[in-house]
Amino acid sequence: MAPAEEEEEVTPGPLLCRVERCGAVDQKRMASENRPGSSLPNKRWSVRVRRSNSSARELHLSAFYAGSPQVPRQRQPDAELEVQQKCGFSELYSWQRERKVKTEFCLHDGPPYANGDPHVGHALNKILKDIANRFHMMRGSKIHFVPGWDCHGLPIEIKVLSELGGKAQSLSAMEIREKARTFAKAAIEKQKSAFIRWGIMADWNNCYYTFDGKYEARQLRIFYQMYDKGLVYRSYKPVFWSPSSRTALAEAELEYNPEHTSRSVYMKFPLRAPSPKLASLLDGATPVSVLVWTTQPWTVPANQAVCYAPQSRYAVVKCSTSGDRYIVAADKGPSLASALDTTFEVISTFSGEDLEGGACSHPLVPGKVSPLLPATHVTVAKGTGLVHTAPAHGMEDYGVAAQHSLPVDCSVDEGGLFTAAAGPELESKAVLEEGTDEVIKMLQSVKSLLKEETLIHSYPYDWRAKKPVIVRASKQWFVKISDIKPAAQEALKAVKFIPGAALNAMTDVLERRPYWCISRQRAWGVPIPVFHHRARDECLINSQTVEHVAKLVEQHGSDVWWTLPPEQLLPKEVLSQVSGPDGLEYLPGQDILDIWFDSGTSWSCVIPGADQRADLYLEGKDQLGGWFQSSLLTSVATRGKAPFKTVMVHGFTLGERGEKMSKSLGNALDPDVVINGGQDQSAEPPYGVDVLRWWVAASNVFTEVTLGPCVLSAARDDINKLRNTLRFLLGNVAGFAPDTDSVPVDRMHVIDQYMLHLLQGLASKVTDAYKQYDFGKVVRLLQAFYTRELSGFYFSIIKDRLYCEKEDDPKRRSCQMALAQILDVLVRAFAPILPHLAEEVFQHLPYGSEPESVFRTGWIGTSSVWKKPGLEEAVEGACAMRDSFLGSIPGRNAAEYEVAIVVEPGLLFEIMEMLQAEETSSTSQLSELMMASRCTLLAQEPRQRPAGTTELAGTFLINLEGGDIREESSYKVLVTPATQEKCPRCWKYTAESPDTLCPRCAEVVGGV
Ligand SMILES: [Zn+2]
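See the structure below:
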């Protein structure tokens, strides 16, 4: 036992930070230890709750629960693993599935990519989902949460191939598939065990994988349903093409590099035949050229037209340097002249419409005509207002070609090299490199080039290869988004988006994309179940062929497409029709489906029930153009509704300075290091997963979320403050048996009832915030409550009652009742966020029989409203007086004073009488709130005031029954230094002499 006044002992006890000394409590120490913002070492809970032995009882306070400092400190991560085991984390999912409850909550897991190690982006996503699930489960819903993985695709294939180096070239499709599958499985196992370690409650034994035969078969059937409705078609079109990966890419597989350098050129297309209107403006003798600007000179050989904006003004200008005449957008004249280091003289201006019927000569292909055509996508904002159009290499150019029946010839191969069709100078040259160089030289030699510049601009890159892509026409399979769009937009009206603005982003993407290219020229994926004619450009696909393939895939997996002889891939009835004299006329196609099509059909395989609509999809904002989109399109296309009721979108994780976090940049935080600590544990301490979970909950996840050492250490400090609050609560409810020790609510202290009233408010606000998935708000509400209302207010005034009154005094029991309620509400309120801490506290509740998991005991109970008229007014009125009193004695101990409160007879006086019936008291509720040694309540000013009295005055507005009763009353607080001596036990100035106990303490210690 520590000697009195020894301030050096700084190690707080694990439970309640109190040091006992010969019957006195070091209240100063307690005050400082419970001060908001103070951070204590992270001690484990004491498991031993000791009581003082009865012989020493006289001089001891009744409630002290010092833990043993000898309990070895357990590492946070180890303690969490113990909690997971002891409290049955792994059985919780199946337990809750077996409950007989009416409501089900389905959160459909967006499958992470089966590639690479678990990272903080996974943690952010999975923890958010877990918080939502645990909340709904505690509220009584049966949770359906089946985690999944996206297992196919280029990123895995490329990784596998790059590991093989030179050998990769000679591998067959099946060899690649085998290696890719092994790779994906290893990544899945690694990620899965991390997710389980994070405390994610899920159906871990029945996860879904996009490489499962059953999954693949469902996907093939959806493909056919869409094909059958005419929503999937094959066409020769320009698509984003990755020369480095030799495949088509979808927009979701692109990354834009804002620092990309292009070689842009100004060039002239000689006007070959002016339109009739234009001819009248020209003298016919001087040659005129159309001025064109492009950032992709390599596409000039494929030029088929020059487009203009029919509604804009154009001008014929004369160049002062060369004397040449050009046609340019009228507004662009001066800026173009300055870009070309010259000046232009405007000869005449005319409307874009006047260009109709004109034509230019192709600068590089002798004799070839490039017609002048109107197009809606042309603006005069950039370039010259006249747009070089190469239908094989631009989506908008393709649109013009379709409208005007222009050829869409592509002379660029899969590897991004010019083909022989481009001519001997260009053949086999890479279009983005020496091909560009050669084209520029050719333009120069025909005197078409006016200027070359380097341009730094945002340009699409292959998301995995990190190399620039090109636009290239090829034969691909497409989903006709334009046909699905109206129904998809309609379906979105029934979906709730969190945050609401995410809906706009979703519709924007839908709006922008006329079609979705779903074929890829790779091996690791689900085959497009189509057979191609050996000689003719003809496809074989019908319900029989697809169903036959789907059945095979369902049983054996999609490998059959590569392993079975083609004859076996076709049903007998079809086979007989398509066999020619030289054997089968059709062969299985070599394309596989885009992985966004894979994952986009997950709703059909995973979401339960006839309706197959999930309550919640919750993913990062990149999925607005990815998985949310592909899920919506496949679902609307096949059954006319969205697969989700609510979509929640979160931001990305960034480093502490707001920099992008990625493994390739080397600044990625490894969740395993966060949880278990790094090599140097003083630099990278083992935080445990609750710290990671708190970070997720506390962050504003709707924007970008930053993470780094400071953020983590702040999260740990926050949890420690909460832990200290819980220690205080746990320590002080010890010895309280709710069944026998409860006090009728109306006989509880007003301040205790008031705390229950605040608790009710907190509970309903926290519940609402959870319902909105606003976990940051949950954290803020809880923090405000435990720092302001509890540590900063309630805990500081109740200590005398808790420590100095008799153990079973109703005053003390009233307080314990409130503390027990507060503890119960707090634990449930943060349980979805910090499940380990919640279980730990729950296991240490001093009452109740065998503790079970807090997650098996439901959400915060809604108890009857503990409100009674005047309750808030009494506490708030007294607090107003207390604040003026404490404000007048800055830095002093309130117990060194006595106060007299003078209130004229009226409502405020009656309310104050609720807190103190007798005229003068040192133990009344009013005296407790004032924190003075003694308090006197008077209806009129005393005739005499002791020497040294300070008078404080104020007013208080009573507002009762919703404003029906309003009364402003004035009050005075008379502050006088205490006249009595300090009681050695309770330290109030209420004793007759310094050596004797005050009457209250004498009675308590006397042990009646
Ligand atoms: Zn005392």
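Using numbering that gives the first Met the number 0, the first residue of the sequence shown is number 0, and each one after it goes up by one.
Glycine included, each C-beta is placed from N, C-alpha and C at the ideal position.
Based on the DSSP secondary-structure assignment, which residues constitute the bridge partners of Ile175? Ile175 pairs with nothing; no bridge assigned.
Unbroken beta strand (DSSP E) runs of length 3 or more, entirely within the segment 223-289: which are they? 231-241, 246-248 and 253-272, all fully within the segment 223-289.
Where does Thr375 fall in DSSP's three states? For Thr375, the three-state secondary structure derived from DSSP is coil.
Alpha carbon of Gln168 to alpha carbon of Trp476, nearest angstrom: Using only the alpha carbons, I get a separation of about 26 Å.
With Phe134 as the anchor, note down where its alpha helix (DSSP H) starts and where it stops. Run containing Phe134: Val119 to Met137, per the alpha helix (DSSP H) assignment.
Measuring CB atoms only, is the segment 538-552 touching the segment 562-577, in the sense that at least three cross pairs come out at less than 8 Å? With a cut-off of 8 Å, the segment 562-577 and the segment 538-552 count as touching, because enough Cβ pairs lie within range.
Suppose contacts are defined by Cβ-Cβ distances below 7 Å. Is Ile859 in contact with Val824 by that definition? Cβ distance < 7 Å, so Ile859 and Val824 count as in contact.
For Trp197 versus Arg471, is the C-beta distance shorter than 7 Å? It is not a contact, given that the beta carbons lie outside the stated cut-off.
List in chain order: all unbroken beta strand (DSSP E) runs of 3+ residues lying wholly within the segment 137-224. If we require 3 residues or more, the beta strand (DSSP E) runs fully inside the segment 137-224 come out as 141-143.
Span separating the alpha-carbon of Gly398 from that of Tyr514: Approximately 12 Å between the Cα atoms of the pair.
Quick one: grab the DSSP three-state call for Asp614. Here Asp614 carries a strand assignment [DSSP, helix/strand/coil].
Within 7 Å, strictly: CB atoms of Trp94 and Glu254: Not a contact, by the Cβ cut-off of 7 Å.
Does the beta carbon of Cys934 fall short of 6 Å from some heavy atom of ligand 1? Because no heavy atom of ligand 1 lies under 6 Å away, the Cβ of Cys934 does not count as near it: no.
Does DSSP put His846 in a helix, a strand or coil? The question names His, but residue 846 is Tyr in the sequence shown. Tyr846 falls in the coil class under three-state DSSP.
Please classify Tyr232 as buried or exposed, where buried requires at least 16 other C-beta atoms within 10 Å of its C-beta. Its Cβ having fewer than 16 others within 10 Å, Tyr232 is exposed.
When the Cα atoms are used, what is the spatial distance from Cys1000 to Tyr772? Straight-line Cα distance between these residues: approximately 50 Å.
Taking only heavy atoms of ligand 1 into account, decide whether any of them is closer than 6 Å to the Cβ of Arg984. Checking every heavy atom of ligand 1 against the Cβ of Arg984, one is found closer than 6 Å.
With DSSP as the reference, label Trp523 as helix, strand or coil. Three-state result, Trp523: coil.
For Leu906, which residues of its own chain have a beta-carbon under 6 Å away from its beta-carbon, when the five flanking residues on both sides are left out? Result list for Leu906: Ile957 and Glu966, in chain order.
Would you mind stating whether Tyr753 and Leu870 have Cβ atoms separated by less than 7 Å? A contact, by the Cβ cut-off of 7 Å.
CB-CB under 7 Å to Thr1029, same chain, minus the five flanking residues each way: which ones, in chain order? Since the first residue of the chain shown is 0 and the last is 1007, residue 1029 is not available in this structure.
Are the CB atoms of Ile175 and Ala522 nearer to each other than 7 Å? By the CB criterion at 7 Å, Ile175 and Ala522 fall inside the cutoff.
Less than 7 Å between the beta carbons of Lys474 and Tyr226, yes or no? Contact flag unset, no.
Burial state of Lys987 (16 or more Cβ within 10 Å): Lys987 should be labelled buried.
Three Cβ pairs or more, each shorter than 8 Å: is that satisfied between the segment 275-282 and the segment 401-418? Verdict: no, contact absent.
Please look up how many angstroms separate the CB atoms of Ala977 and Leu914, rounded, as I've assumed it's under 8 Å. With 8 Å as the limit, Ala977 and Leu914 do not qualify as a contact, their Cβ atoms being about 20 Å apart.
Per-residue burial, His135 [other beta carbons within 10 Å of its own, 16 or more giving buried]: His135 counts as buried, since no fewer than 16 other beta carbons sit within 10 angstroms of its beta carbon.
Which residues in the same chain have their Cβ closer than 7 Å to the Cβ of Thr435, if we skip the five residues on either side of it in sequence? Contacts found: Arg262, Pro296 and Trp297.
Where are the alpha helix (DSSP H) runs, 4 residues long or more, that stay fully inside the segment 455-501, in chain order? Runs of the alpha helix (DSSP H) spanning 4 or more residues and lying entirely within the segment 455-501 occur at 480-491, in chain order.
Would you decide whether Ser369 is buried or exposed? Buried here means 16 or more other CB atoms lie within 10 Å of its CB. When all chains shown are included, Ser369 counts as buried.
Reference His843, options Val82, Gln73, Arg74 and Gln75, closest by Cα: Here the closest residue by C-alpha is Val82.
Using only the alpha-carbon positions, how far apart do Ser350 and Pro373 sit? Distance from the CA atom of Ser350 to the CA atom of Pro373, rounded to whole angstroms, is 12 Å.
Quick one: is the Cβ of Cys1000 within less than 6 Å of any heavy atom of ligand 1? Yes, ligand 1 has a heavy atom inside 6 Å of this Cβ.
Determine the DSSP secondary structure at Asn503, reduced to helix, strand or coil. Taken through DSSP and simplified to helix, strand or coil, Asn503 comes out as helix.
Which same chain residues, not among the five before or five after Val778, have their C-beta less than 6 Å away from its C-beta? Closer than 6 Å at the Cβ level, and outside the excluded window around Val778, lie Ala696 and Ala697.
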